[in-house]
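> Can you read through this structure? Questions will come right after.
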Amino acid sequence: QVKLVESGGGLVQAGGSLRLSCAASGSIFRINDMGWYRQAPGKQRELVATIASGGSTNYADSVKGRFTISRDNAKNTVYLQMNSLKPEDTAVYYCTRERRYGLGPSDWGQGTQVTVSS
């Protein structure tokens with residue numbers, strides 16, 4: 540069974556930066572596609588970014604140019620670097636293991652809160 544543990548959330552002012560980390564265990568990390576999703580209060584959970592096992596990336600339009608997803612296979616960790624944060628980025632951020640072929644998440648972390656103050 541895969542275990543995903545996020546860290547790095549917190550409170551930051553608008554325009555600031557945060558880096559989220561997700562440590563994965565219980566699977567062969569390097570062959571897994573990984574992702575980040577978020578859920579703001581009163582809103583549906585939405586895709587933020589994904590990274591394939593080969594390194595190709597995909598981003599939501601709302602974060603393109605501001606967020607960067609990356610992975611370190613030696614550390615079984617995926618990262619989300621978030622720059623130029625906006626109050627609308629406030630949400631609980633979840634790490635996921637993704638099914639192949641864009642079929643969505645198969646496993647979720649417990650989430651980490653990101654709050655951006657104006």
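First residue of the sequence shown? That's 540 in my numbering, and the numbers climb one at a time after it.
Idealized CB from N, CA, C, for every residue including glycine.
1) Could you have a look at Asp-600 and say whether DSSP puts it in helix, strand or coil?
2) Taking Gly-554 as the reference, which of Tyr-618, Lys-625, Cys-634, Asn-612 has the closest Cα?
3) Does the segment 546-565 come into contact with the segment 585-602, if we say contact requires no fewer than three beta-carbon pairs (one atom in each stretch) closer than 8 Å?
4) To the nearest angstrom, how far is it from the Cα of Leu-557 to the Cα of Gln-652?
5) Could you compute how far the alpha carbon of Met-573 sits from the alpha carbon of Ser-657?
6) For Lys-614, which of helix, strand or coil comes out of DSSP?
7) Just the C-alpha distance for Trp-647 and Asn-597, rounded to the nearest angstrom, thanks.
8) My understanding is that Ile-590 touches Arg-610, with C-beta atoms under 8 Å, so please give their C-beta distance in whole angstroms.
Walking through what the data contain:
1) coil
2) Lys-625
3) no
4) 11 Å
5) 30 Å
6) helix
7) 18 Å
8) 5 Å
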